[in-house]
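Protein chains in written order, with the numbering used here: chain A, 232 to 531; chain B, 232 to 531.
Data first, discussion second: the structure below is written as structure tokens.
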């Protein structure tokens, strides 16, 4: 029976001085119930963003103190299951996002989540692809609002952060102070108008320290690939960071010679956008696990 | 029987003053035999890039004059078949590409192309995914070296430019002066060390004018999606261009209301890297055809 954390236990900025709302063991299954990114303020099409209390956006449920975890440890968070609510919202905000210069009308759309589908305006049906927008651990110093991504995680809006995958973080403080929220029933890479299908939901996970000191985190592992992830003021800088971190991982961890690593990154690695609309932009670099194994390396 | 063009009929810059080497009808099948991006100068691991004649890189076979095609026309090029050679090369070049700051040793690798696989250093086998690096039409004015992408096409290094897909260009001069070359047996999005699996090969295509005036070109159509593509000095600018062109296409052509278009781009559109290593960077924005049809629009 997993430890359950209710969705009203939230915080709005990752920081070392947060007070944990629960303590769990490493490897213990935990279910975080989560609000949507608006903390439930948007329920119908007449709820427009100009009426929002912006002090209550991007809540993350937590923080969770994970016992025996120390600063500098690499923490692997296994995402076991995501559930999303029965409806989701999307909004347009003039002046915001990648089309903010052309969008002039505020609008709220309510999307029905039916079975494995999302219904947009009774016109479009697309597959659900649930993912977590905000996930991370407290940095060693400073406060990072949940709307911003960074080395600690945060609002990475990365479509790989989903059930079945693992996210690795470098711990900043005792207990890690982990939290997550801002689920999307689906989101496209880029997150053009600063939202996916924003929904409440739940995240079942377990977390434990792994012996991978120096891993370039945040780092993601799926069934078939590994991915670095990097956030920076521009996409160019974010791409550069994600690329160099993957090269570092391939040479330092998988012990692939640098030239081989570069050529294989060029041949079968994939540079991908996470989002281009948050205060920092986020880019990932994906590389196939099968090639790591060709060089005799396994992550676990 | 398709008209065949031998691989020694090449040019190195797209421009309005090129002399066509063949004239073909619209809808006529043509096979361009193509050199690799080094015009065959690299055949073995001892052929290093410091011995290259850089005046002979990125050859495109052509240009082909397509009859009845006029400036301003939108030309659809259907890519019917790609064939690649029996081997490919990859190189590292200190100072060049996204890892040029850390790569210190020049190296050439020769990859075997066996059946549907690529063999790298007898250690790694990955699937062939043939694609065209350089493809385009002459601009109305100015010369663009084949190594540079732009509104006319050129070195877009886009993995969607492959057999079964169509690429749309806006014609700059009478006859279009179409050409293509620089095939890759495979390449990852990003093209980190400035090469894919560089190979000779052939491209079977047909081209015809379509009644889509104002289409934001270059534009790509696959079985399942449409994609804008944009090149600019920075990735941020390239992304902005690809995003705005897709919004323009969705509103002006598919007649999707702007807010719907923005939300759907955020929900199921995919912003993707083509390459980050050429003189201009190239980004595409993919959008599912199924959603266009939900709004009653078909491209053909």
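Ideal placement from N, C-alpha and C gives every residue a C-beta, glycine not left out.
Identity of the residues DSSP links to residue i by a beta bridge
i, result
"residue 429 (chain A)", "A:320, A:415"
"residue 540 (chain A)", "Outside the modelled stretch of chain A, which goes from 232 to 531, sits residue 540 (chain A), for which no answer is possible."
"residue 502 (chain B)", "B:516"
"residue 436 (chain B)", "B:261, B:310"
"residue 380 (chain A)", "A:385"
"residue 409 (chain A)", "A:295"
"residue 441 (chain B)", "B:305"
"residue 241 (chain A)", "A:292"
Option in the options with minimal Cα separation from residue i
i, options, result
"residue 346 (chain B)", "B:337, B:316, B:325", "B:316"
"residue 505 (chain B)", "A:507, A:402, A:502", "A:502"
"residue 241 (chain A)", "A:471, A:412, A:488", "A:412"
"residue 321 (chain B)", "A:324, A:499, A:428", "A:499"
"residue 393 (chain B)", "B:401, B:524, B:432, B:403", "B:432"
"residue 408 (chain A)", "A:519, A:385, A:486", "A:385"
"residue 266 (chain B)", "B:282, B:481, B:256, B:288", "B:288"
"residue 471 (chain A)", "B:362, B:495, B:328", "B:328"
"residue 341 (chain A)", "A:279, A:453, A:374, A:423", "A:279"
"residue 324 (chain A)", "B:497, B:514, B:526, B:512", "B:497"
"residue 508 (chain B)", "B:418, B:357, B:337, B:453", "B:418"
"residue 234 (chain B)", "B:247, B:248, B:255", "B:255"
"residue 399 (chain A)", "A:388, A:469, A:299, A:445", "A:445"
"residue 489 (chain A)", "B:420, B:405, B:336, B:494", "B:336"
"residue 276 (chain B)", "B:302, B:291, B:351", "B:351"
"residue 515 (chain B)", "B:264, B:373, B:468, B:269", "B:468"
"residue 558 (chain A)", "A:305, A:484, A:269, A:485", "This structure does not reach residue 558 (chain A), given that chain A is present from 232 up to 531, and the question cannot be answered."
"residue 246 (chain B)", "B:300, B:485, B:376, B:318", "B:376"
"residue 403 (chain B)", "B:527, B:372, B:414", "B:372"
"residue 436 (chain B)", "B:343, B:485, B:397", "B:397"
"residue 357 (chain B)", "A:290, A:520, A:481", "A:520"
"residue 442 (chain B)", "B:405, B:484, B:274, B:420", "B:484"
"residue 462 (chain B)", "B:389, B:264, B:362, B:424", "B:389"
Euclidean distance between Cα positions of residue i and residue j
i, j, result
"residue 451 (chain B)", "residue 457 (chain B)", "6 Å"
"residue 438 (chain B)", "residue 426 (chain A)", "39 Å"
"residue 294 (chain A)", "residue 429 (chain A)", "21 Å"
"residue 479 (chain A)", "residue 272 (chain B)", "32 Å"
"residue 308 (chain A)", "residue 434 (chain A)", "11 Å"
"residue 243 (chain B)", "residue 250 (chain B)", "12 Å"
"residue 379 (chain B)", "residue 366 (chain B)", "11 Å"
"residue 410 (chain A)", "residue 349 (chain A)", "26 Å"
"residue 282 (chain B)", "residue 416 (chain B)", "24 Å"
"residue 440 (chain B)", "residue 248 (chain B)", "21 Å"
"residue 401 (chain B)", "residue 447 (chain A)", "44 Å"
"residue 239 (chain B)", "residue 311 (chain B)", "22 Å"
"residue 326 (chain B)", "residue 333 (chain B)", "8 Å"
"residue 459 (chain B)", "residue 368 (chain A)", "37 Å"
"residue 360 (chain A)", "residue 297 (chain B)", "45 Å"
"residue 518 (chain A)", "residue 513 (chain B)", "21 Å"
"residue 299 (chain B)", "residue 305 (chain B)", "12 Å"
"residue 302 (chain A)", "residue 364 (chain A)", "24 Å"
"residue 466 (chain B)", "residue 253 (chain A)", "42 Å"
"residue 495 (chain B)", "residue 339 (chain B)", "44 Å"
"residue 523 (chain B)", "residue 530 (chain B)", "9 Å"
"residue 476 (chain A)", "residue 487 (chain A)", "14 Å"
"residue 387 (chain B)", "residue 464 (chain B)", "13 Å"
"residue 391 (chain B)", "residue 314 (chain B)", "16 Å"
"residue 491 (chain A)", "residue 525 (chain B)", "46 Å"
"residue 481 (chain B)", "residue 454 (chain B)", "18 Å"
"residue 319 (chain B)", "residue 473 (chain A)", "27 Å"
"residue 331 (chain A)", "residue 424 (chain A)", "8 Å"
Element boundaries [alpha helix (DSSP H), containing residue i]
i, result
"residue 400 (chain A)", "Per DSSP, residue 400 (chain A) belongs to no alpha helix (DSSP H); it is in the beta strand (DSSP E), 397–401."
"residue 469 (chain B)", "466–479"
"residue 524 (chain B)", "520–525"
Extent of the continuous beta strand (DSSP E) to which residue i belongs
i, result
"residue 452 (chain A)", "450–452"
"residue 492 (chain B)", "Element bounds for residue 492 (chain B): not the beta strand (DSSP E) but the alpha helix (DSSP H), 489–499."
"residue 457 (chain B)", "456–463"
Residue i Cβ short of 8 Å to the ligand NAD heavy atom set
i, result
"residue 289 (chain A)", "No copy of the ligand NAD appears in this structure; indeed no ligand is present at all."
Which runs of the beta strand (DSSP E) at least 3 residues long sit entirely within the stretch 243–330 of chain A? Give them in chain order.
253–255, 261–265, 291–297, 305–315, 318–323
Could you name each continuous beta strand (DSSP E) segment of 3 residues or more that falls completely within the stretch 324–378 of chain A, going from the start of the chain to the end?
DSSP runs (the beta strand (DSSP E)) wholly in the stretch 324–378 of chain A: 338–345, 348–351, 355–358, 362–367.
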